[in-house]
Structure formats: C-alpha cells, structure tokens
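The block underneath contains the structure these notes are about, expressed in structure tokens.
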Amino acid sequence: MSLRKFAVVFFSFIISFPTYSQRVETIPQLKERNLGGPRLGLTYVHGNGELFKTMKKNKMDRLVSQFGWHFEYQVSPTAAQGPSFVVQFIPLFGGVEYGKIVPSLTTAFGIRFLN
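In our numbering, the protein residues as written are 184 to 298.
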C-alpha cells in the first residue's frame, strides 16, 4: 500500500471517531403512579351451595360487607406511546357486621393500553 493510500485510510479512520462518539443512546423514560386507596364493597352469595351452608352454620347471611386497601402501581412511558404495566394487591376483610373477620387477598398483574 502506498503512503498516500495509507494516509487517506488513516485520516478517514481518525475523522470517523468523533462522529461515532457523539452518538447518544436514549434510555426510555418511565413514570410511576401510585393509584392505591381505601376500598369498600359488598359480596352476595348466590344459591344454596356449600358456601352458603357454611355461612349459615357460622351465623352469617348472604350479604357480607368488605373493607380494605387497594395497592395499585402503574408504570408507563412518559411519552405516552405505549402500554402501561399495572400491579395490584388488595387485602380485604369482611363479615365484621356478623362479629367475624373473613380475610380476602387478591393479587393481579395487567397491561393497560392507550385506548
């Protein structure tokens, strides 16, 4: 290889480094939201199955109140271009009006789309 060709290749190589080093990798920005709060509800037991018989045996009626706390966390892109990931954890207690404590626990994972 002649000196001239070597110089052209060498300087082309040197000049390309600053261009490559100016490239910026973008990391997607995410926002987190806490959507938790208190929850109140009612549960109605339909029919005359085993659950209803067990409730009658424990001196409880078909309608049971529930209260607890809903822990919900949502992670979504700040640019609002994609779906959000949702994690929910809901501990509830019911049957207080009957002098009983009936615990309930729900865990859910999901995806919410823009529309």
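Idealized CB from N, CA, C, for every residue including glycine.
#1: To the nearest angstrom, how far is the alpha carbon of Trp225 from that of Leu275?
#2: So, with DSSP's three-state summary, where would you put Phe189?
#3: Counting only the same chain and skipping the five closest in sequence on each side, list residues whose C-beta sits under 8 angstroms from that of Val279.
#4: Can the beta-carbon of Pro211 be found closer than 8 angstroms to that of Pro260?
#5: Within 10 angstroms of the Cβ of Gly277, are there 16 or more other Cβ atoms? Answer buried if so, exposed if not.
Here's the rundown:
#1: In the sequence on display, residue 225 carries Leu and not Trp. So the alpha carbons of these two residues sit roughly 11 angstroms apart.
#2: helix
#3: Excluding residues up to 5 positions away in sequence, Ser248 and Phe250 lie with their Cβ nearer than 8 angstroms to the Cβ of Val279 in the same chain.
#4: yes
#5: buried
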